[in-house]
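Everything in the sequence shown is counted per this note's numbering, starting at 226 for the first residue and increasing by one.
The beta carbon of each residue, even a glycine, is placed where N, CA and C say it ideally should be.
Heads up, the thing below is written out as C-alpha cells.
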Amino acid sequence: MTPAILNLSKKHQQERDRVINRRPSKEEAEEAVRTLLAYSGDDSEREGLKDTPSRVIRSFDEFYSGYLKDPVEILERTFEETNGYDEMVLLKNIMFVSHCEHHMAPIIGKVHVAYLPRGRVVGISKLARVVEVYARRLQIQEKMTAQIANAINGVLEPGGVAVIIEAEHHCMTTRGVNKPGVSMTTSKMLGAFRDDPRTRSEFLANVGMS
Ligand SMILES: [Zn+2]
C-alpha cells in the first residue's frame with residue numbers, strides 16, 4: 226500500500242470506530258420503532274405488530290450496513306498481470322437500493338462505473354461492492370456519486386474514473402409532489418474522463434447516454 230492509500234485506510238477505520246461507539250443498543254432502537262408505530266396511530270402491542278420492531282431493526286442492519294464497510298479493503302487487492310491493458314473498464318447497470326438522508330425513503334436505481342487502468346486492475350465484483358458500501362448508508366445521490374468515484378480514484382490511482390447514477394427517489398414519487406416515474410441523473414468524471422472529450426464520449430456512448 227502506498228502512504229496515500231494507507232492514510233485513506235486509516236481514515237476509514239477511524240470512521241468505523243466512531244460508528245460503533247455512538248450506536249445505541251438494539252433494544253433502544255426497537256423501543257424507538259415502537260414509538261413510531263404508536264405515532265402512526267396503530268397499537269404497537271397488537272399481535273401483528275409484536276415482532277415488527279425487531280424486523281425493522283434487522284432491515285436497518287441491512288439497509289445501513291455500509292457504515293461498517295471499508296472501500297479501501299475492498300479495492301486494495303488488484304491484479305497486475307494485465308498484458309498492458311490500458312483501455313476503459315466499464316461496469317454497467319449495477320442495481321442499488323439506498324435511502325435518502327432527508328426522509329429515509331428508498332432511492333432505487335442503477336450505477337455505471339468506468340475507469341482507465343494504469344498498470345493494475347481490480348476484480349469487477351469489487352466495483353459493485355464499492356457501490357454497495359455507499360448505497361447502504363443514508364445518502365443524497367450527488368454525494369454517493371462523488372464518494373464512489375473518489376474511492377476508486379484514491380485506491381486504484383487510475384488514469385480516470387467515471388460514475389453515473391440514475392435513480393428514482395421515493396420521497397418524491399410516493400409522497401410530497403407525488404411524481405412517479407421521475408428519475409434523477411448525476412455524474413462524476415475524474416482524470417481523462419473529465420479532461421479528454423474522446424474518453425468521455427466513448428464512456429457516454431457505451432452507457433447509451435450520448
Ligand atoms: Zn428525500
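In this chain, Val407 is not harboured by any alpha helix (DSSP H), its DSSP state being neither H nor E. Going by beta carbons, Ile230 and Glu301 fall inside the 8 Å limit. Inclusion of Ala330 in the 7 Å shell around ligand 1 follows from its C-beta lying nearer than that to a non-hydrogen atom of the ligand. Contact between Ala392 and Gly433 is ruled out by a C-beta separation of about 16 Å, above the 8 Å threshold.
The shortest CA-to-CA distance from His327 to any of Asp421, His395, Arg425 and Gly266 is the one to His395.
A contact is defined here as three or more CB-CB pairs under 8 Å, and the segment 414–434 fails this definition with respect to the segment 351–366.
In this structure, the C-beta of His394 approaches ligand 1 to less than 7 Å from one of its heavy atoms.
Along the length of the segment 274–316, whole alpha helix (DSSP H) runs at least 4 residues long occupy 277–288 and 296–300, reported in chain order. Segment contact: the segment 335–343 against the segment 371–391, three or more CB-CB distances shorter than 8 Å; contact assigned. Apart from sequence neighbours up to five positions away, the residues of its chain that approach Leu293 with a beta-carbon distance below 8 Å are Arg241, Val244 and Ile245, ordered along the chain. Counting C-beta pairs closer than 8 Å gives fewer than three between the segment 302–320 and the segment 368–377, which falls short of the contact rule. Relative to the non-hydrogen atoms of ligand 1, the Cβ of His327 comes within a distance shorter than 7 Å of at least one.
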